[in-house]
Amino acid sequence: MNKLEGVKYIGLDLDQTLYPKSEKIDEAIQQYIYEKIAEYKQINVEEAKQLFYSYYPKISGRKTLIELRIPSAENIIQEALENADIAEFLVPDRSVKQLLEQLRKKYKLALITGSNKEIATRKLMKLELPLELFDFIITGEISKSNGTAYKQWIEHYDGEVSEFLYIGDRKTTDVDIPVSLGMKAVLVNVKEVDDSLAVMQFKELVEIRSLFL
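Residue numbers are given in the numbering used here: position 171 of the sequence shown equals residue 178, and the series is strictly consecutive.
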């Protein structure tokens, strides 16, 4: 049996799901992190950058913040991914737009992102992805990390939980939480497939076409 049989509702993450990472995007995200370090340590941004690189990339960004005793390290990394000013570096990808247009003919599409409404709208405009591609949109004003956004998505359609599929790039917020609620999940834009995960994984978003179309 197809693991995705019975899916009627597809939700998509925005950041690093509808677009891939790039060097310039990484730099903008790191700048956001430097500013958070500077704010907490009450130092200038250049000093914060030097502190960050005293650990990174030998260890991850999250672990670096923990070593620097910055509170809520996981939240800061997630905030940086979602709220850093990266719109200017986003490049439209016609194949992504075509994929969403095709999926929309067969499924109810939702955008569920941790970016706030203003930032999410700006990113979508740069990616040339019209809001009208999505039947339902939940932005960062409603939390994904505590499951509230996913629950609201289910309640909006009042379907069976097993009919919902979420597509994202992060194991914690995009797989673990929706799966714990009974949904299906798929990871995209992965660097390497992790065989220990019981979900399908793809190197690029457009590769999911083989599952549905």
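Glycine included, C-beta positions come from ideal geometry on N, C-alpha and C.
Report buried or exposed for residue i, applying the criterion of at least 16 other Cβ atoms within 10 angstroms of its Cβ.
i: residue 95; result: exposed
i: residue 8; result: Confidence is the limiting factor: at residue 8 the pLDDT is only 43, short of 50, which leaves the residue's position unreliable and the question unanswerable from this model.
i: residue 26; result: buried
i: residue 70; result: exposed
i: residue 181; result: buried
i: residue 193; result: buried
i: residue 202; result: exposed
i: residue 177; result: buried
Expressed to the nearest angstrom, what Euclidean distance is found between the alpha-carbon atoms of residue i and residue j?
i: residue 37; j: residue 58; result: 12 Å
i: residue 46; j: residue 80; result: 14 Å
i: residue 56; j: residue 196; result: 27 Å
i: residue 50; j: residue 72; result: 15 Å
i: residue 114; j: residue 216; result: 13 Å
i: residue 125; j: residue 139; result: 16 Å
i: residue 179; j: residue 200; result: 16 Å
i: residue 212; j: residue 187; result: 23 Å
i: residue 78; j: residue 111; result: 41 Å
i: residue 205; j: residue 189; result: 14 Å
i: residue 84; j: residue 68; result: 7 Å
Once the 5 residues before and after residue i are set aside, which same chain residues still bring their CB inside 6 Å of it?
i: residue 155; result: 149
i: residue 87; result: 36, 39 and 40
i: residue 185; result: 157, 173 and 192
i: residue 175; result: 20, 24 and 181
Below 7 Å CB to CB, which residues in the same chain sit around residue i once its five sequence neighbours on both sides are set aside?
i: residue 127; result: 21, 120 and 146
i: residue 104; result: 135 and 136
i: residue 99; result: 134 and 135
Between residue i and the rest of its own chain, which residues show a CB-CB distance below 8 Å, the 5 nearest in sequence each way excluded?
i: residue 66; result: 74
i: residue 169; result: 13, 189, 190 and 191
As an exercise, report each continuous beta strand (DSSP E) stretch of at least 3 residues that is fully enclosed by the region 44-71, in chain order. none
State whether the region 161-177 contacts the region 11-27, with contact taken as three or more CB pairs (one from each stretch) at a distance under 8 Å. yes
Continuous beta strand (DSSP E) assignments of at least 3 residues falling wholly in the region 140-180: 143-145 and 171-175
Would you list, in sequence order, the uninterrupted beta strand (DSSP E) runs of no fewer than 3 residues that lie entirely inside the region 176-214? 191-194
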